[in-house]
Amino acid sequence: MFTNLLFPYITSKQIAFNILVEVLMIFWLALVVKYPEVRPKKSFITYGLAAFFAALLGSSIFGVDFNLSFWGDIERMLGWFHIFHFFLYYLIIITVFRNLKDWRNLFIVSIVAAGIVSLYSLFKIPYSTIGNTAYVSGYVIFNIYFALILFFRRRDEENKISAK
Numbered sequence: 001m002f003t004n005l006l007f008p009y010i011t012s013k014q015i016a017f018n019i020l021v022e023v024l025m026i027f028w029l030a031l032v033v034k035y036p037e038v039r040p041k042k043s044f045i046t047y048g049l050a051a052f053f054a055a056l057l058g059s060s061i062f063g064v065d066f067n068l069s070f071w072g073d074i075e076r077m078l079g080w081f082h083i084f085h086f087f088l089y090y091l092i093i094i095t096v097f098r099n100l101k102d103w104r105n106l107f108i109v110s111i112v113a114a115g116i117v118s119l120y121s122l123f124k125i126p127y128s129t130i131g132n133t134a135y136v137s138g139y140v141i142f143n144i145y146f147a148l149i150l151f152f153r154r155r156d157e158e159n160k161i162s163a164k
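Here you go:
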């Protein structure tokens, strides 16, 4: 976290995320060029997101304030440029995590990280490492659902094994 910024909890994390995604995109592009079979699978979700970002770019270009629409403001960093990094991250994720075991491992890492953030929030600082209690709660809620998905999948697998 860069404490000398005006909004250190948002800006520093968004800048770090953008840089990380941009570095990952270099390797991702090399991967999909060299191995075309690992390109993202065609899906309605991917096409829908691509259409959404195309429409968002169009509204940014033809909107009232291009700079604000494209770059966003320093307080929230929600311009097209920053949000588009999430789409790029989505493309990387769906390329790298191709089967259920990969997704299970990702969920486990996310759940463990959320547990650490939650414990830190309970015993140290309420806004934890994220910087805002509302964001901490949203993050933890998603991970509770990830844990439930893993729990019920595991239970279903055990029921199938015991039924044989």
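Heads up: the sequence shown begins at 1 in full-length UniProt numbering, then just goes up one per residue. Ideal Cβ positions, reconstructed from N, Cα and C, are used throughout, including at glycine.
Cβ-Cβ separation, residue j to residue i (assumed contact under 8 Å), whole Å
i	j	result
Val-21	His-82	The Cβ separation is near 10 Å, so there is no contact.
Asn-99	Tyr-9	That belief does not hold up - the Cβ atoms of Asn-99 and Tyr-9 are roughly 35 Å apart, past 8 Å.
Ser-128	Val-117	5 Å
Leu-24	Ile-92	5 Å
Trp-80	Phe-70	5 Å
Residue range of the alpha helix (DSSP H) that includes residue i
i	result
Met-77	That residue, Met-77, is in no alpha helix (DSSP H); it is neither H nor E in DSSP.
Glu-158	133-163
Leu-6	Note, Leu-6: premise wrong, no alpha helix (DSSP H); not H, not E.
Ser-60	44-62
Phe-66	66-71
Inter-residue Cα distance where the pair is residue i and residue j
i	j	result
Lys-160	Asn-143	26 Å
Val-136	Gly-48	28 Å
Phe-107	Ala-113	10 Å
Phe-52	Ser-60	12 Å
Ile-94	Val-32	12 Å
Gln-14	Ile-130	12 Å
Leu-78	Asp-156	40 Å
Arg-104	Val-96	13 Å
Pro-40	Leu-56	22 Å
Leu-148	Ser-43	25 Å
Secondary structure of residue i, DSSP reduced to three states
i	result
Pro-126	coil
Lys-13	helix
Tyr-35	coil
Lys-101	helix
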